[in-house]
Structures are given as structure tokens and as C-alpha cells.
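Presented below is the structure to which this report refers.
In the numbering used here, the protein residues as written are 422 to 581.
In C-alpha cells, the structure reads:
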């Protein structure tokens with residue numbers, strides 16, 4: 422086989438055919454590899470987004486009482502109250518609150534959340550993010566770091 426880009430001796434139709442055939446096969450293989458890589462990346466992206474959705478859960482309720490009930494169910498029946506003020510801290514864990522509410526569209530920043538086994542999930546917030554409320558559960562050993570301006574409200578233990 423003639424390597425791609427090689428200078429061919431003049432006159433031989435067979436050598437010219439072999440060179441052209443090799444180039445076409447090489448290009449086809451290259452495009453197949455790109456196609457496989459693209460499918461792999463979109464599959465990885467879908468897996469990452471589903472993992473992010475599992476960690477930063479989309480809230481279905483829109484009012485404070487509904488959100489409190491939703492988090493109560495996620496926490497196995499633990500009563501919680503959603504604070505009215507925004508949380509100004511930069512570090513999140515179970516001592517800060519058992520769960521937090523993140524306003525995904527408001528503010529402009531990033532939250533890195535780390536599971537007890539070390540896996541890190543990232544949620545960007547700001548004008549380009551979805552207009553949703555997200556719930557991050559922290560009482561399972563998960564921690565979080567807040568970068569820049571992220572609007573967060575805490576769910577604190579309620580009076581039983």
C-alpha cells in the first residue's frame with residue numbers, strides 16, 4: 422500500500438489507483454472514528470446530565486410550603502422549613518442544612534457538589550441556565566462549594 426501523501430512514480434495506473442483507494446479508505450475510517458467519538462460524547466453528556474439531575478433534583482413545587490413538603494419526602498419524613506433569606510456562605514454540608522434550594526436562573530455562578538466517595542457534580546447557574554429550582558440534599562455526606570454569585574436558600578430542621 423502507498424502511504425497517504427506519498428509521491429507516486431509517474432505512468433502506472435495501478436499505482437495511482439492504489440494510492441486513491443488507500444486515501445479513500447483512510448478518510449472513511451477517519452470519519453467513522455469521528456462519528457463514533459461524537460456518539461460517545463453525546464452518550465457521555467446524557468449520562469452526565471442524568472447524574473446532575475439526580476444530585477441537583479428539579480423541584481416540582483413552586484411555593485415555599487410545597488417545596489418544604491417535597492424536601493420532607495426526600496429526607497424520609499424529616500420536617501424542614503425553607504428560610505426566607507438567601508444563604509451567603511461558600512461551603513455547604515449537612516451541618517449547614519440538610520438540604521438547600523438553588524435558583525438556577527438567578528445569580529451567576531457555579532456549585533461543585535462532592536459525594537462522600539469523591540465524585541464531583543457541577544451545576545452552573547445564571548442567565549444561560551434553565552429557569553428552574555433545584556434541590557441539593559446534604560445530609561447524606563455530600564458537601565458543596567459555591568463559586569461567585571449563586572442564590573441559595575436553606576431548608577433548616579423544623580419544629581416537630
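We treat Cβ as the ideally placed atom computed from N, Cα and C, and that holds for glycine.
Are the stretch 550 to 566 and the stretch 484 to 501 touching by the rule of at least three beta carbon pairs closer than 8 Å?
-> yes
Residue range of the unbroken alpha helix (DSSP H) whose run includes residue 487 | As a first step, residue 487 is located in the chain shown; it is residue number 66 there, counting from the start. Run containing residue 487: 485 to 495, per the alpha helix (DSSP H) assignment.
Could you name the residues of the same chain whose beta carbon sits closer than 6 Å to that of residue 537, not counting the 5 residues immediately before and after it, in chain order?
-> Translated into the one-based positions of the chain shown, residue 537 becomes position 116. The residues are 562.
Nearest to residue 507 by CA position, among 527, 500, 482, is which residue?
-> Position 86 of the chain shown, counted from the first residue, corresponds to residue 507. Cα-wise, what sits closest to residue 507 is 527.
CA nearest to the CA of residue 565, picked from 531, 548, 482, 498 = One-based indexing of the chain shown puts residue 565 at position 144. The shortest Cα separation from residue 565 among 531, 548, 482, 498 belongs to 531.
Does the separation of the CB atoms of residue 571 and residue 541 fall below 8 Å?
-> Position 150 of the chain shown, counting from 1, holds the residue named residue 571. Position 120 of the chain shown, counting from 1, holds the residue named residue 541. No, Cβ-Cβ distance for residue 571 and residue 541 is not below 8 Å.
Around the C-beta of residue 468, are 16 or more other C-beta atoms found within 10 angstroms, so that it is buried, or is it exposed?
-> Counted from its first residue, the chain shown places residue 468 at position 47. The predicted model places residue 468 with a pLDDT of 48, which falls under 50 and marks its position as unreliable, so this point remains unresolved.
What separation, rounded to the nearest whole angstrom, lies between the Cα atoms of residue 485 and residue 521?
-> Reading the chain shown from its first residue, position 64 is the one you call residue 485. Reading the chain shown from its first residue, position 100 is the one you call residue 521. Those two C-alpha atoms are separated by around 12 Å.
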